[in-house]
Structures are given as C-alpha cells and as structure tokens.
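Numbering (our numbering), first residue to last: 40 to 388. Glycine residues also receive a C-beta, built at the ideal position from the N, C-alpha and C atoms. All figures in this text were calculated on a predicted structure; none of them were measured in a lab. To keep things clear, I will list the structure first and then write my remarks on it.
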Ligand code: NAD
Ligand code: DAU
C-alpha cells in the first residue's frame, strides 16, 4: 500500500496518526482529508506540514462525488477513517449532525472506496476507527467489553458510531471489501480539543475556574495515551486480520473524581501551587443525560495476536500531558479565543 487517505487528520487522534505515519513511512503518501470543523485544527500538525510525503485536502467526507474524485486523483489504496463528530455532550444537544457525519459520511466513504476499487480488494484496506461506547455501559462487576460483546449504544454519538460500524462490516460481508474495525477506550494526550474532560479541566485549573463534575463523579472510564492508540492503529493497519475487529484499551480504569484529583495534584505541582489548592474548584453539576456508568476494554486479543501493549504508564502519561498543555498555552488560547479557525480560512475556503 502506498497512498493512504487518513480522514479527520486535523483532529485530536487523527493528528497523532498522521504524524506517526508521515514520519515512520517516508515511502507512503499520506493524504489528510478533513473538513476542518470546529474540532479540526491544522496547528496540530505544524511539525509535519511541509514533509514531502504529506498532503492536506480540505473536504467533507459526506460529499460522495468529491470522495470519488480524491480516490482517483491520489490512487488511494488504504483508508484510515477517523473523521467524526466525537463529543457526547454535543450529540445530546444536536444529534442530526452526528447521523450526517458519522453514518452518512462513513457510508459515502465506503461507497467511494467500493466504486474506485471496482471490486478489486487485494492490497486495499478500509480501516474504520470506532469507540468502546458502542458496547453500552458496564456495572461495577469487574467485567470487560470484548470483541464479542453485543452492541448497546445509549447516546446519539455512540448510536451513530454503532451504525457506522455496522455499515463497514456490511461492506465486508456483502461486497467483500477488505475492512478492519477497532473500538478504543478514552484517549488522553496533547492536542485534544478542550471540551473534553482532561484538557478542559487542566485549562480551568490554570485559570482558577470551576471544574464541572457530572453527577457524583462515580462514572468510570478506561484511559489510553493517544500515541499508544496511534501505535495500535499502525500495527492493525499493517497486520490486522481482514474483516476482523480489535478492541484497544489500556486496562486503566479511573472514576472521574479520582482522575480529576490526579489532574488537580499534577497541575498544582507543576504550577508551584500548594498541594490541594485547586480542590476547591470541584463543582458537582447535573449529570449528563444517559451517562454511561463504566467502560472497560479487554484488549487481550490485540496483545495475543499482534503483540501490541500500551507503552506508557498512566502516571507518566498524565504528567507529560499536563506539562504539554501548560507549556503550549498559545495552542490552548488560540482555541478558546477562536483564533485558530481564522489561521487557514484564507488558504482553505
Ligand atoms: P476530534 O473531534 O478531535 O476530530 C474529528 C476530526 O474530524 C476533526 O478534525 C474534524 O474537522 C473532522 N471532521 C468532522 N466532520 C468531518 C467531515 N464531515 N468530513 C471531514 N472531516 C470531518 O475526534 P477524535 O477525538 O480525534 O476522534 C477521532 C475518531 O476516533 C472518531 O471517529 C472517534 O469516534 C474515535 N474515537 C475517539 C476516542 C477519544 O477518546 N477521543 C476514543 C475512541 C474512538
Ligand atoms: O470511550 C471513548 C470515548 O471517549 C470517545 O468515543 C469519545 O469520542 C470521547 O469524547 C470520549 O467520550 P467521553 O464522554 O467518555 O469523554 P468526555 O471527556 O466528554 O468525558 C469523560 C467523562 O467525564 C465522562 O464520564 C463525562 C465526564 N465529564 C465530562 C466533561 C466534559 C464531566 O464530569 N464533566 C465535564 O465537564
């Protein structure tokens, strides 16, 4: 495979995947296709934007004709599909765009691949990035989501991702398209949009603003360092079994409130504040509607079959992450002020 389309490459996880592939595989051409919604930020890719094997194309994955054109123009033989609406709270307020982008956008991309590859799938791959949220919610009973867990999505976001996963598998079953689906747990690390828990709270602590904890803060998430997710995608893209599904997770469960206390401790330490100074910012607020209680991924299949394991201990990863946000204040301020959207608006109308 040589010409790889990565969709959503200007977002959080996509930018790490683009960076890894551009740097590690100079022999590949990486075409980053992103609509630059509010979540897309080309400043996430400043360090690789001039590399000769990298090309950015501003485009909407829902635009089937344009996707077909891009497949032909760049002779695409591999797709790593990350473009999506990704924030659960936004999906509760405005579900329609989630169905449009996540379901219809994925379908348009699948159809563009099918028409362009004309049934000749050897050497081609459509790799769809999904989430553990499609499996629903676990209790506090020590069980995990495996690749065989039935789908049971609860939010408009997870319902839209579940639908897109089904379409990908349908293209494999019906047309024989070479596909892989992976379902990953919560990612953390640099370049995450500050509407999500970790960057939002780091920025609020720095500014002495309240930290809105939903409900009692008892919900559990399984956190994985984003670079480890990108490493998993690399391994699965190259060695994953066609038509198969892999779960990706860090065996790293935290209740929200415990995680928030770690973030507070780390930010206070790095800013030179007295220990525990920012604990008083914790503010319990109305719970998220339909808030899934617990996610926990069993990623043993990936470890056993393909040898992938997380490389970073959580304590190390969270300290690196907090340091990154504190040291890259300009990146954060450009987002919170809205400046980042102006950067490329002339170049990419
Ligand atoms: P993100 O919101 O940070 O980035 C999404 C990117 O998609 C943005 O750059 C945006 O501009 C682009 N995009 C949105 N609509 C588009 C469209 N119609 N056409 C082209 N581009 C479009 O998301 P993220 O957190 O990086 O998540 C990436 C993928 O990984 C998503 O599919 C998400 O469901 C999945 N995922 C995320 C996590 C997580 O913890 N963040 C965990 C598991 C899976
Ligand atoms: O599990 C994978 C999913 O993780 C991805 O598929 C999603 O794209 C990604 O956004 C993430 O979803 P979550 O809803 O788990 O992430 P978020 O950062 O929004 O919230 C994490 C937890 O923190 C969740 O239980 C809700 C809670 N929370 C979140 C925010 C933003 C709060 O208590 N307060 C907040 O202000």
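Quick one: does the C-beta of residue i sit closer than 7 Å to a heavy atom of the ligand DAU?
i	result
residue 171	yes
residue 251	yes
residue 235	yes
residue 121	no
residue 334	yes
residue 330	yes
residue 128	yes
residue 224	yes
residue 239	yes
residue 295	yes
residue 208	no
residue 258	yes
residue 327	yes
State yes or no: is the C-beta of residue i nearer than 7 Å to some heavy atom of the ligand NAD?
i	result
residue 278	no
residue 35	Given a span of 40 to 388 for the chain in the structure shown, any question on residue 35 remains unanswerable.
residue 49	yes
residue 356	no
residue 101	yes
residue 135	no
residue 232	yes
residue 341	no
residue 168	yes
residue 188	no
residue 75	yes
residue 228	no
residue 302	no
residue 266	no
residue 52	yes
residue 61	no
residue 79	yes
residue 46	yes
residue 288	no
residue 200	yes
With DSSP as the reference, label residue i as helix, strand or coil.
i	result
residue 292	strand
residue 245	helix
residue 188	coil
residue 44	strand
residue 169	strand
residue 263	strand
residue 149	helix
residue 373	helix
residue 101	coil
residue 73	strand
residue 120	strand
residue 93	strand
residue 222	strand
residue 227	strand
residue 287	strand
residue 134	helix
residue 250	strand
residue 211	helix
residue 432	Here the chain covers residues 40 to 388 and nothing more, so residue 432 does not appear.
residue 85	coil
Decide if residue i is buried, meaning its Cβ has at least 16 other Cβ atoms within 10 Å, or exposed.
i	result
residue 386	exposed
residue 161	exposed
residue 238	buried
residue 376	exposed
residue 200	buried
residue 389	Because the chain in this structure spans residues 40 to 388, residue 389 falls outside the shown range and cannot be described.
residue 349	buried
residue 280	exposed
residue 328	exposed
residue 231	buried
residue 356	buried
residue 133	exposed
residue 181	exposed
residue 85	exposed
residue 179	exposed
residue 249	exposed
residue 384	exposed
residue 47	buried
residue 338	buried
residue 268	buried
residue 83	buried
residue 224	buried
With hydrogens ignored, establish whether the beta-carbon of residue i is closer than 7 Å to any heavy atom of the ligand FAD.
i	result
residue 211	In the structure on display, the ligand FAD does not appear, and the ligands it does have are the ligand NAD and the ligand DAU.
As an exercise, report each continuous alpha helix (DSSP H) stretch of at least 4 residues that is fully enclosed by the region 308-374, in chain order. 339-345, 353-366
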